[in-house]
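The structure appears below as structure tokens.
In this note's numbering, the protein residues as written are 532 to 603.
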């Protein structure tokens with residue numbers, strides 16, 4: 532493989548990795564948004580964690596954030 536071909540492969544792998552990372556980040560952000568919406572609807576934290584797939588501790592943290600937002 533020539534140097535140009537190797538650079539091309541490395542570039543495309545980097546782009547592919549960036550795309551994958553962006554998709555994963557977007558999915559994480561959507562999960563957090565969904566969890567917050569469910570918390571606002573008073574769905575139990577344990578059920579949200581089970582259905583959304585986020586750790587219960589993260590759901591509890593989001594719950595506290597929502598409570599703080601309501602106080603402001």
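Ideal Cβ placement from N, Cα and C applies to all residues, glycine included.
The structure displayed is predicted, hence computed values, not measured ones.
Each residue's CA atom was taken as its position, placing residue 589 and residue 533 some 48 Å apart. CA-to-CA, the gap between residue 569 and residue 536 works out to about 49 Å. For the set 553, 582 and 555, the Cα lying nearest the Cα of residue 567 is the one of 582. Residue 552 has its alpha-carbon roughly 24 Å from the corresponding atom of residue 579.
A straight line joining the alpha-carbon of residue 577 with that of residue 548 spans about 33 Å.
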